[in-house]
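>
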Amino acid sequence: MSSTEDIVKKILALKPQLTREAVERLITEERAKAGNLLTEEAAAHLVASNLGLDGTGERIEAKVRIGDLTSGLGD
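Using this note's numbering, you'd call the opening residue of the sequence shown number 1 and step up by one each time.
This is the structure we're talking about:
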């Protein structure tokens, strides 16, 4: 089994509302956006990241409180 297949399986396990075809389409779209300079595996990692999953397949959740923000750091 390829690493790309592992990533697709993790995405499908954690995002059951997606179909395999939809995930494969997202991977193809990411490769096309990059001018096909990404490998299929790299595009799969990018899709997983865009869906809020990290490299281990765990969900990424940012927990930042408003009080922790500092103004003027957008430069």
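The beta carbon of each residue, even a glycine, is placed where N, CA and C say it ideally should be.
Does the separation of the CB atoms of A48 and I11 fall below 7 Å?
Mapped onto the sequence shown, residue 48 falls at position 48. Mapped onto the sequence shown, residue 11 falls at position 11. Closer than 7 Å, so yes.
> Quick check on DSSP: helix, strand or coil for A34?
As a first step, residue 34 is located in the sequence shown; it is residue number 34 there, counting from the start. Of the three classes helix, strand and coil, the one that applies to A34 here is coil, per DSSP.
> On the criterion of 16 or more Cβ atoms from any shown chain inside 10 Å, does V64 qualify as buried, or is it exposed?
As a working note, residue 64 is residue 64 in the sequence shown. By the 10 Å Cβ count, V64 comes out exposed.
> Can you list, in chain order, the residues of its chain whose CB lies under 7 Å from that of T70, leaving out five sequence neighbours each side?
Residue mapping note: residue 70 aligns to position 70 of the sequence shown, counting from 1. The answer is none, since no qualifying residue turns up.
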